[in-house]
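Asker:
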Amino acid sequence: MELLVMTLAYTTPERDADVLARVRLVGETIHNVPGMMTSQLYRGRGTEPCYAIFTTWESEDAWRRARERYSPRHLLAASNDLFISSPEQWYLSYLWGYNRPSVTPLIASLHLATIPLEKADVVQRGWVEGLHRQETQSLLAFSFLARGTDESTLTLPSMENTGAITPSPVAQQATLFLNLLSWTNDEDREAFFADPDYKAIKRFLRNTGILHILSLEAM
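Quick note: the sequence shown uses the working numbering, first residue 5, plus one each step.
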């Protein structure tokens, strides 16, 4: 099964040029790693200076073989003085995806929702249904919804151990959902956010768990 690894790092405006160079170097370093299918780099365009790296791997085993040398979190942490806190990293599985090949995604919105485990399946069904309805409007350029957990709460097998990545008891208390939405322009973005289906799922997520939204642009 494919594995999505998402890495998020926060910085300050004063260090942005240095961080940009570091993130680009990390992107070049991991570009042709065996077992990695795709990589995408984003930078914050809102009030929170940040960088996000999305990598998709053929399997957990492919990631396990590459993690020690090519984990984006570890590569960024080599320049930890550039960030206001240690980079975060999540492991996720894809639930839904959409791509409009005729357009190029330029701007994006990252929705991170932490949901109590007992409500996760209900949230998943409602979120996927809402996205299915909105995709018919052809406003999105590219999007996906994924579900997983924070790397820090997982038991990670070593290179010699072929066991699966398993959640700790702490991780089993909540589930993280990640929804990346992207558009070609701000007009489509605002029209998407004004849609009643989007407003309903946003309200539902905030009433059910903790929702954090970041504005991004493709690098």
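For every residue, glycine included, the Cβ atom is placed at its ideal position computed from N, Cα and C.
What does Y98 pair with, by DSSP beta-bridge criteria?
Answerer: Looking up residue 98 in the sequence shown gives position 94. Bridge partners of Y98: A150.
Asker: Would you grab the beta carbon distance between L2 and R26 for me? Rounded to a whole angstrom, and I think it's under 8 Å.
Answerer: The chain is shown from 5 up to 223; residue 2 falls before or after that span and cannot be answered.
Asker: Within 10 Å of its beta-carbon, does A198 have 16 or more other beta-carbons around it, so buried, or fewer, so exposed?
Answerer: For this step, residue 198 is matched to residue 194 along the sequence shown. When all chains shown are included, A198 counts as exposed.
Asker: With N211 as the anchor, note down where its alpha helix (DSSP H) starts and where it stops.
Answerer: Locating residue 211 in the sequence shown gives position 207, where the first residue counts as 1. 200-212 is the extent of the alpha helix (DSSP H) around N211.
Asker: Do the CB positions of I88 and Y202 come within less than 7 Å of each other?
Answerer: To locate residue 88, count along the sequence shown from 1; it is residue 84. To locate residue 202, count along the sequence shown from 1; it is residue 198. Not in contact: I88 and Y202 (Cβ atoms no closer than 7 Å).
Asker: On a CA-only basis, which of R47, S63, Q177 is nearest V23? Give me that one, please.
Answerer: Counted from its first residue, the sequence shown places residue 23 at position 19. The shortest Cα separation from V23 among R47, S63, Q177 belongs to R47.
Asker: Could you say which of G152, T33, D192 lies nearest to E6 if we only look at CA atoms?
Answerer: Start at 1 with the first residue of the sequence shown, and residue 6 comes out as number 2. If we check each option's Cα against that of E6, G152 comes out closest.
Asker: Is it right to say M10 is buried, meaning 16 or more other beta carbons lie within 10 angstroms of its own, or is it exposed?
Answerer: On the sequence shown, residue 10 is found 6 positions in, with the first residue counted as 1. M10 comes out buried.
Asker: Given this structure, state the Cα-to-Cα distance separating K123 from A145, to the nearest angstrom.
Answerer: Counted from its first residue, the sequence shown places residue 123 at position 119. Counted from its first residue, the sequence shown places residue 145 at position 141. Approximately 29 Å, taken between the alpha carbons.
Asker: Indicate the three-state DSSP secondary structure (helix, strand or coil) for P76 in the structure shown.
Answerer: Locating residue 76 in the sequence shown gives position 72, counting from the first residue. Residue state, collapsed to three classes: helix.
Asker: Evaluate contact between the segment 100-110 and the segment 55-69, counting only Cβ atoms and requiring at least three cross-stretch pairs below 8 Å.
Answerer: The segment 100-110 is not in contact with the segment 55-69.
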